[in-house]
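Asker:
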């Protein structure tokens, strides 16, 4: 391959991101693009236009994903796909999702200029939705092309104004849910480039992170039931204090997670106390628990240990502890063949890379359950994400584009 | 003294309580009488009327406390006072406060019938307010006659509709705040009879509890400041999780309280988590801490130990913990002379009594800081209070009336 001029790529990717951030720009420099809203429509339409201008064959699918196809000379029945999502959280950063779309466009444009048509067809994808910011569903875009969405879902899932996804789709002239197509069978591999949204790369000084696994997640509601009583007249040994037992459980749960495995994380982010009054002993606490790891076996083992913990501690206090797992997402390994290609691409460019686990979900998680998939990270300054303060240095953005370009070259040319 | 007929007293006290519960009765059998509201006015006016019908000299003071005076034959410059408060919490029980007022009326009526006028003047008091249910102030009644209320307070303290105490007073034809009198100097002793609102007497099978001390209370807001971060991408050792540190603190605080003294209580009843989202590490937790004990020295010692705990644990986690004591009520010892008279009264009646600490505040707490004061408890079924389910057996109500009557006899006849 040709030697890249650093400044050109940095300028190009910066320009593309600034251009995209103009759609749905917020007062403090972030973006708000919610599925099927006006800013989203403008952004997705602009991406489609830009793909067309690049000479790609650009089209919407029925739900509003945009694909820009660069037809291969030899193998056209299966495509190499690269991209990410165009939607954002409310007042999110300008890199999350958008970087993956912009980088894929830029990489393909550069390959086209340098080498012309590939042997295998390439598609750049701008998924319509990943964040779950407007409707109570995530991965609406990748879920659609993998055929994993249930029919009729689009009529039952509603935003806070009571508008269903189906209604919102039709208002944008996309199709009604009954027409949802089955899984796309023509995808050979999928590559996503994304900002890390964590602090691992920043600490290790690697420019890019090659993801081997995306963690599985289990989310629980833990309910601790005690007995409400007067804070002044109930002696300590006679209390059934739901806050005290919850506190002991939280201390033990997080200590157990740390002991279990160094890459296991357990988070209690939400607590609801009843009655939540300073001078009344709490009768009930419901707290959330979010556990993540890339080994399903370890998640199952940990769940069993948690159940034992609840049983033992509840009995000690003559109280009741119950646990409800309301969300279970399986860990998804990335394709070893694809991510090793990616790793070699980085090596050949002398870009320091690191093999890592992704603790967050991405389109690559859904795609990875159906197609050979790889996920590449660039550093996030201070790990900040879902915020206008989200930032990645131009030099890091450039390294990501270069590794993606080289990987696509190795896969499709 | 004459031998009492049990059934008569039980019937009389039951009737008085039923009659009082008619003012502000709620659907589920409780009462709501808030300072200066209509039900309160009707109840206080009815009490005044009943006192008059009993032959007592009944009057309001400027803020709406009602006194029924039974003039002594010898010592009339200082009175023996007995009673409690007429107001309630929202949908409270029919015993809290009302029992002390009704029992004092009944005891004095029975003494009058049996022995005529006392040597020393007796006053039955129905304090206008103790609960703090309408305005952000407690002990408005006893606070008034002890002269501890600040002038002007009645214009700044407002209910949730924005009505000041002063406005509400004037609407009931009580006087404006500038006319608040100084402390009443003519009170020789004060005796309050109250339901326990706890489970101590029920467990020990004593019919009455003679209170030696009312606990002091310190209430704190503890603020734990960590760092908000992604629940998936932040490794456990790098977290500054405000929920985890708060849980450790709560476990330690309650364990420390149990070790400190068997009658110390520490309650964390309220927690506010920021941002309180399942998949975000909490950046901040503010929790309440209510500590009670009857020794001021022990409360001070414990506060110092808490400060040390916060400092050590905050440093270990590189986080910040700060504590704000927003309420400090000193412990109040009851008058040994008066409560020993009360204890002997119970003994002479062969009523099993128990010396105990009050973990809750009462009018006796305010009065006890200014006048020799005693507080007598009768059992509360299952310790339930501030609820329509509050209940005390008639036979226990009777024992309380008998001890109060005998005590007043010993003090004033």
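Chains as they are written, first to last, in full-length UniProt numbering: chain A, 1 to 413; chain B, 1 to 413.
Idealized CB from N, CA, C, for every residue including glycine.
May I have the straight-line CA-CA distance separating residue 199 (chain B) from residue 219 (chain B), to the nearest angstrom?
Answerer: Roughly 23 Å separates the two Cα atoms.
Asker: Using the beta-carbon of each residue, which ones in chain A are nearer than 7 Å to residue 197 (chain B)?
Answerer: Within chain A, the residues near residue 197 (chain B) are 230, 233.
Asker: Is DSSP giving residue 52 (chain B) helix, strand or coil here?
Answerer: Helix.
Asker: Apart from the five residues just before and just after residue 379 (chain B), which ones in its own chain have a Cβ nearer than 7 Å to its Cβ?
Answerer: Excluding positions up to five away in sequence, the list reads 196, 201, 202, 392, 396.
Asker: Chain B beta carbons: is any one of them nearer than 7 Å to that of residue 331 (chain A)?
Answerer: Not closer than 7 Å to any Cβ of chain B, the Cβ of residue 331 (chain A) fails to qualify, so no.
Asker: Is the separation between the beta-carbon of residue 328 (chain A) and that of residue 110 (chain A) shorter than 7 Å?
Answerer: For residue 328 (chain A) and residue 110 (chain A), no; Cβs fall outside 7 Å.
Asker: Applying a beta-carbon distance threshold of less than 8 Å, which residues of chain A neighbour residue 400 (chain B)?
Answerer: Here the premise fails: no neighbours, minimum Cβ distance about 17 Å.
Asker: So, with DSSP's three-state summary, where would you put residue 115 (chain A)?
Answerer: In the structure shown, residue 115 (chain A) sits in a helix (DSSP, three-state: H, G or I).
Asker: What are the residues that DSSP puts in a beta bridge with residue 120 (chain B)?
Answerer: B:75.
Asker: Take residue 241 (chain B) as the anchor and find which of A:273, A:413, A:250, A:339 has the nearest alpha-carbon.
Answerer: For residue 241 (chain B), the nearest C-alpha among the options comes from A:250.
Asker: Determine the direct distance from the alpha carbon of residue 294 (chain B) to that of residue 235 (chain A), and round the result to whole angstroms.
Answerer: Whole-angstrom Cα-Cα distance: 13 Å.
Asker: Whose Cβ in chain B lies nearer than 9 Å to the Cβ of residue 248 (chain A)?
Answerer: Those within 9 Å of residue 248 (chain A) in chain B are 247, 250, 251.
Asker: Inspect the beta-carbon positions of residue 122 (chain A) and residue 101 (chain A) and report whether they are closer than 7 Å.
Answerer: Contact flag unset, no.
Asker: Decide yes or no for the touch test of the region 141-157 of chain B against the region 360-376 of chain B: beta carbon pairs closer than 8 Å, at least 3 of them.
Answerer: Touching, yes, given that three or more Cβ pairs across the two stretches are closer than 8 Å.
Asker: So which residues of chain A does residue 191 (chain B) contact, with C-beta pairs closer than 9 Å?
Answerer: By Cβ distance, chain A contributes nothing, its closest Cβ being about 20 Å from residue 191 (chain B), past 9 Å.
Asker: For the region 285-313 of chain B, list every residue whose C-beta sits within 7 Å of some C-beta in chain A, in sequence order.
Answerer: Correct list: 288, 290, 292.
Asker: If you run the structure through DSSP and keep just helix, strand and coil, what is residue 7 (chain B)?
Answerer: If DSSP states are grouped into helix, strand and coil, residue 7 (chain B) belongs with the helices.
Asker: Going by the DSSP bridge assignment, what does residue 284 (chain A) pair with across the sheet?
Answerer: In DSSP, residue 284 (chain A) forms a bridge with A:225, A:274.
Asker: Taking just the CA atoms, how far does residue 13 (chain A) sit from residue 414 (chain A)?
Answerer: Nothing about residue 414 (chain A) can be reported from this structure: the residues present for chain A run from 1 to 413 only.
Asker: Go ahead and pull the three-state DSSP assignment for residue 410 (chain A).
Answerer: Here residue 410 (chain A) sits in helix by DSSP.
Asker: If the cut is a Cβ gap below 8 Å, which residues of chain A does residue 271 (chain B) touch?
Answerer: Simply 243, 271, 273, 276.
Asker: At least one CB of chain B closer than 7 Å to the CB of residue 268 (chain A): is that the case?
Answerer: Output row for residue 268 (chain A): interface = yes.
Asker: Taking the straight line between their C-alpha atoms, what separation do you get for residue 89 (chain B) and residue 287 (chain B)?
Answerer: About 24 Å.
Asker: What residues are listed by DSSP as bridge partners for residue 85 (chain B)?
Answerer: Answer by DSSP bridge pairing, in chain order: B:127.
Asker: Secondary structure at residue 252 (chain B), three-state DSSP: helix, strand or coil?
Answerer: Here residue 252 (chain B) sits in helix by DSSP.
Asker: Would you report the Cα separation of residue 2 (chain B) and residue 159 (chain B), rounded to the nearest angstrom?
Answerer: With a pLDDT of only 49 at residue 2 (chain B), under 50, the local geometry of the prediction cannot be trusted, and the value read off the model is given with reservation. About 49 Å.
Asker: Could you please give me the residues that DSSP links to residue 70 (chain A) through a beta bridge?
Answerer: DSSP output for residue 70 (chain A) lists A:122 as bridge partner(s).
Asker: My output table needs one value for residue 101 (chain A): the three-state DSSP class, helix, strand or coil.
Answerer: Helix.
Asker: Going along the chain, which residues of the region 352-369 of chain A sit with their C-beta nearer than 9 Å to a C-beta in chain B?
Answerer: Cβ contacts with chain B come from 358, 359, 360, 361.
Asker: For residue 360 (chain B), collect the residues of the same chain with a Cβ closer than 6 Å to its Cβ; drop the 5 residues on either side in sequence, then sort them by chain order.
Answerer: Cβ within range, chain order: 197.
Asker: Pick out whichever of A:32, A:116, A:36, A:31 has its Cα sitting closest to the Cα of residue 55 (chain A).
Answerer: That would be A:116, whose Cα lies nearest to the Cα of residue 55 (chain A).
Asker: If you follow the alpha helix (DSSP H) that residue 363 (chain A) is in, where does it begin and where does it stop?
Answerer: That run of the alpha helix (DSSP H) goes 363-367.
Asker: Should residue 136 (chain A) be labelled buried (16 or more other beta-carbon atoms within 10 Å of its own) or exposed?
Answerer: Exposed: under 16 other Cβ atoms inside 10 Å.
Asker: Residue 44 (chain A) to residue 322 (chain A), Cα distance in whole Å?
Answerer: So the two alpha carbons sit approximately 45 Å from each other.
Asker: For residue 214 (chain B), decide whether its Cβ has a neighbour in chain A, counting only Cβ atoms nearer than 7 Å.
Answerer: Chain A, which has no Cβ nearer than 7 Å to the Cβ of residue 214 (chain B), makes this no.
Asker: Any idea what DSSP makes of residue 317 (chain A), helix, strand or coil?
Answerer: DSSP places residue 317 (chain A) in helix when its eight states are reduced to three.
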